[in-house]
Structures are given as structure tokens and as C-alpha cells.
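Here's the structure we're looking at; comments come further down.
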Amino acid sequence: MTSRKALNRNESRELIREELLDAAERLFVSVGYHGTSVAAIVASAGRTVGAVYSNFANKEDLCFEVIKRRGTAELSSVISDLAAASDDLDARVDVIIAWWSRLSSDSNLLILGAEYLLVMLRDTERQSAAAEAIDRLVESARALFDDHLPHGTPDVEYEKAVRGILATATGLSVAQAAGVIDTVESTALLLDAFQLRMARILDYSQPN
1 MTSRKALNRN
11 ESRELIREEL
21 LDAAERLFVS
31 VGYHGTSVAA
41 IVASAGRTVG
51 AVYSNFANKE
61 DLCFEVIKRR
71 GTAELSSVIS
81 DLAAASDDLD
91 ARVDVIIAWW
101 SRLSSDSNLL
111 ILGAEYLLVM
121 LRDTERQSAA
131 AEAIDRLVES
141 ARALFDDHLP
151 HGTPDVEYEK
161 AVRGILATAT
171 GLSVAQAAGV
181 IDTVESTALL
191 LDAFQLRMAR
201 ILDYSQPN
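Residue 46 in full-length UniProt numbering sits at position 46 of the sequence shown; the count goes up by one each step and never skips.
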């Protein structure tokens, strides 16, 4: 029988951190941000309170890391699907719309996102971290769609388009979490936003 390799200090710390994130994600998604306590996360992970605070500043920080990790995984998923799609703008938009339809059907995840947005409104550090994450997302998205944009499209027009779509998606997720719209309506409205923004870029590129 092969003995398990002993973990070094950094590996052990990373394992504990991932276990805490796994437990936190399960609880945050199932019972919400305000319904989740550090004590419940500790109990679910089988770790100590000290393990939480040696890896995260507080519950807000832990929730941010959960959302960031989930966001990174979702971004990797959609990028993989986009890479497998045909090299056609409509096909790539279809991939994103299908991804959004799946993601936005997870009502508990949408509610968690809306809860965290409210927490973040009073935390300038969290707002700055979110802004940095959005900047990285804007750059990643450009690499996927650059070939389909008119030659010479100014950076400012591109960024306005992506940020406009992100703002629309954020608003739609909150509206869906509140029960104002359903998944079908949310998906249709996001598609409208894509088409509108692309039309504006195309209009901008036309000679006067």
C-alpha cells in the first residue's frame, strides 16, 4: 500500500484554504450571505475558527473569494466553449447567451451575488477589487472578439460596449433574483444588449 505523501506547510495551508472555500460556497449559495456564519463554515469544513482568520480577514473577504473563484471558473468555462465554437460572431454570441441562460437559472447564486453587491456598496476596498477584476475581464473578452470588430475600433468604444453589457448583466441578475423577470426574459434582454452594442460599434466605424 502506497503511503500518502506528506504535505509541506504551503501545500497544507492551500488545502485548508480550499476546504474552507468549498464549505463557504456550499453555505453561501444554499442559505445566503446573511444566513451563513463563520461558525457554520468552520463546522462544515471540519476546521477551526483560527483556520478561517489565518486565511481570510472576515466573512466579507471569504465571500468575495468564493465569488471570485466561482467567477474565474465560469469565465474559464465560457472561454473554453468559445474556443470550440466556429470562428463566427453569431456563433460566439450564441455561446455566451447559452452560458448566461445556464448561469442565470441558478437562483440561489443570483441571490448571493445581489446580497454581496449590497455589502460591497459600503466597502471601498471591495469596490476597488471588483473594479480590478472587471478590468481583467474586459481585456479577456477583447481577445475573444477582436477579430470580429471593425478595424481601428477605438479602445474607448470597445470598453463602453463591454462595460455596458456587464452593467446590463448585473442589473438583470438582480432583477431575476428579485423575481421581476425570469430566465427566458433575462436571456432575451442580454441578447438585445449585445446586438445593440455591436450595432453602435458598427455605426461608429462607418464613414460619415
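Even for Gly, the Cβ is constructed at its ideal location relative to N, Cα and C.
Only a predicted model underlies this, so the values are computations on that prediction, with no experimental measurement involved.
Cβ shell of residue i (< 8 Å), same chain only, five flanking positions each side left out
i: Met-1; result: Residue placement at Met-1 is poorly supported in this model, since its pLDDT is 47, which falls under 50; the coordinates still yield a value, given next. So the list is empty, once near-sequence residues are dropped.
i: Ala-114; result: Ser-173, Val-174, Ala-177 and Ala-178
i: Leu-21; result: Leu-62, Glu-65, Val-66 and Arg-69
i: Ser-104; result: Leu-110, Leu-172, Ser-173, Gln-176, Thr-183, Ser-186 and Thr-187
i: Thr-168; result: Leu-189, Leu-190 and Ala-193
i: Leu-82; result: Arg-92, Val-95, Ile-96 and Leu-144
i: Ile-134; result: Arg-163 and Leu-166
i: Leu-15; result: Leu-7
Own chain, CB closer than 6 Å to residue i, minus 5 neighbours either side, in chain order
i: Arg-13; result: none
i: Lys-59; result: Val-38
i: Leu-110; result: Ser-173, Gln-176 and Ala-177
i: Ala-98; result: none
i: Val-78; result: Trp-99
For residue i, the first and last residue of its enclosing alpha helix (DSSP H)
i: Lys-5; result: Segment: none, Lys-5 is in no alpha helix (DSSP H) and carries neither H nor E.
i: Ile-165; result: 155-177
Cβ separation of residue i and residue j, assumed to be a contact under 8 Å, to the nearest whole Å
i: Asn-55; j: Arg-17; result: 5 Å
i: Ile-165; j: Ala-193; result: 5 Å
i: Val-29; j: Leu-112; result: 6 Å
i: Tyr-33; j: Tyr-116; result: 6 Å
Residues near residue i in its chain [Cβ-Cβ closer than 7 Å; skip 5 each side]
i: Ala-23; result: Ile-41, Ser-44 and Ala-45
i: Arg-197; result: Ala-161, Gly-164 and Ile-165
i: Met-120; result: Arg-126, Gln-127 and Ala-130
List in chain order: all unbroken alpha helix (DSSP H) runs of 4+ residues lying wholly within the UniProt domain "HTH tetR-type" (14-74).
If one requires a minimum length of 4 residues, the alpha helix (DSSP H) runs lying completely within the UniProt domain "HTH tetR-type" (14-74) are 38-45 and 49-53, in chain order.
Unbroken beta strand (DSSP E) runs of length 3 or more, entirely within the region 67-121: which are they?
Entirely contained in the region 67-121, not one beta strand (DSSP E) run reaches 3 residues.
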